[in-house]
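Undergrad: What follows is a single structure, and I will ask about it in a moment.
Numbering (the numbering used here), first residue to last: -13 to 95.
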């Protein structure tokens, strides 16, 4: 199968990775950075998983379902955590994570 069929997923994965990286960096600048520890941790995990899945799709990985399941789970957890914080970067990250989780879940269903 060609990775061309996954162009929308690749785009959403990239957007989520960028949002998580931005949120991660922005959280480190917050006054109460200790309160952001779980958000920061999940931002890193989610960004790395999205980046890995994006690269794997461009290589026509045979592990689409497995990556999609893991990515959806990471995105849901990161999105849920980010949604708890009122910072604009967290809210935008939560939105990107939810969108990415939705797309990944479509690959599994």
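Ideal placement from N, C-alpha and C gives every residue a C-beta, glycine not left out. Since this is a predicted model, take the numbers as computed values, not measurements.
Quick one: using the 10 Å Cβ neighbour count with 16 as the cut-off for buried, is residue -2 buried or exposed?
TA: For the purposes of this step, residue -2 is taken as residue 12 along the chain shown, with counting starting at 1. So residue -2 ends up on the buried side.
Undergrad: Determine, using beta-carbon pairs with one atom in the segment 68 to 83 and one in the segment 46 to 57, whether at least three such pairs fall under 8 Å.
TA: Counting Cβ pairs under 8 Å, fewer than three are found: no touch.
Undergrad: Roughly how many angstroms separate the alpha carbons of residue 86 and residue 15, rounded to a whole number?
TA: Here residue 86 refers to the residue found at position 100 when the chain shown is read from its first residue. Here residue 15 refers to the residue found at position 29 when the chain shown is read from its first residue. Looking at the two C-alpha atoms, the distance is approximately 25 Å.
Undergrad: From what residue to what residue does the alpha helix (DSSP H) around residue 16 run?
TA: On the chain shown, position 30 is the one that residue 16 refers to. No alpha helix (DSSP H) contains residue 16, which DSSP labels as neither H nor E.
Undergrad: Could you check if residue 19 is buried or exposed, using at least 16 other CB atoms within 10 Å of its CB as the buried criterion?
TA: As a working note, residue 19 is residue 33 in the chain shown. Its Cβ having fewer than 16 others within 10 Å, residue 19 is exposed.
Undergrad: Taking residue 60 and residue 32 to be in contact with their CB atoms under 8 Å, please state how far apart those CB atoms are, rounded to whole angstroms.
TA: Mapped onto the chain shown, residue 60 falls at position 74. Mapped onto the chain shown, residue 32 falls at position 46. Indeed, because the Cβ distance is near 5 Å, the residues count as touching under 8 Å.
Undergrad: Taking the alpha-carbon positions, what's the residue 4 to residue 36 distance?
TA: Here residue 4 is taken as the residue at index 18 of the chain shown, counted from 1. Here residue 36 is taken as the residue at index 50 of the chain shown, counted from 1. Each residue's alpha carbon lies about 9 Å from the other.
Undergrad: Quick one: what does DSSP say residue -6 is sitting in, helix, strand or coil?
TA: Start at 1 with the first residue of the chain shown, and residue -6 comes out as number 8. It is helical.
Undergrad: Here's a check: name, in chain order, each residue in its chain whose Cβ is nearer than 6 Å to the Cβ of residue 89, leaving out the five neighbours to either side.
TA: Residue 89 sits at position 103 when you count from the first residue of the chain shown. Excluding sequence neighbours, residue 89 sits near -5, -2.
Undergrad: Can you tell which of 26, 12, 41, 45 has the C-alpha that lies nearest to the C-alpha of residue 66?
TA: For the purposes of this step, residue 66 is taken as the residue at position 80 of the chain shown. Residue 66 has its Cα closest to that of 26, out of 26, 12, 41, 45.
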